[in-house]
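Numbering (our numbering), first residue to last: 2 to 107.
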């Protein structure tokens with residue numbers, strides 16, 4: 002999975018550069034998130050500006066990561082959700098757990 006990671010003001014931005022559409026990309030996404038968790042990152046923003054689709058594997062990984070971060074006082078947010086992913090978040094009511102934020106110059 003192609004991602005890029007950037008630190009801005011104490012927050013870690015994970016930009017996802019492809020769809021999370023199968024088990025391979027879901028597991029790769031999980032590996033990226035778990036590496037951040039193991040490194041002690043607690044404030045994570047996932048940028049979906051280059052992603053059009055996320056399947057149940059990806060949603061499951063986000064929820065698992067959300068739970069782990071909450072256990073250690075961390076937080077996860079999302080940004081730049083395309084319409085299809087925004088609809089999925091709203092349908093599953095994930096937008097209540099993991100809010101979307103707007104970022105400038107990311």
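Glycine included, every Cβ here is placed at the ideal spot set by N, Cα and C.
Cβ neighbour criterion (16 or more within 10 Å) applied to residue i
i: residue 62; result: buried
i: residue 48; result: buried
i: residue 102; result: exposed
i: residue 45; result: buried
i: residue 107; result: With a pLDDT of 47 at residue 107, under the threshold of 50, the modelled position of that residue is not reliable, and the figure given next carries that caveat. With fewer than 16 Cβ atoms within 10 Å of its Cβ, residue 107 is classed as exposed.
i: residue 15; result: buried
Which residues DSSP lists as bridging residue i, in chain order
i: residue 45; result: 13, 77
i: residue 5; result: 16
i: residue 91; result: Answer is none; residue 91 lacks a bridge partner.
Identity of the residue in the options nearest residue i by Cα
i: residue 74; options: 13, 42, 35; result: 42
i: residue 13; options: 96, 25, 20, 70; result: 70
i: residue 17; options: 82, 92, 88, 101; result: 82
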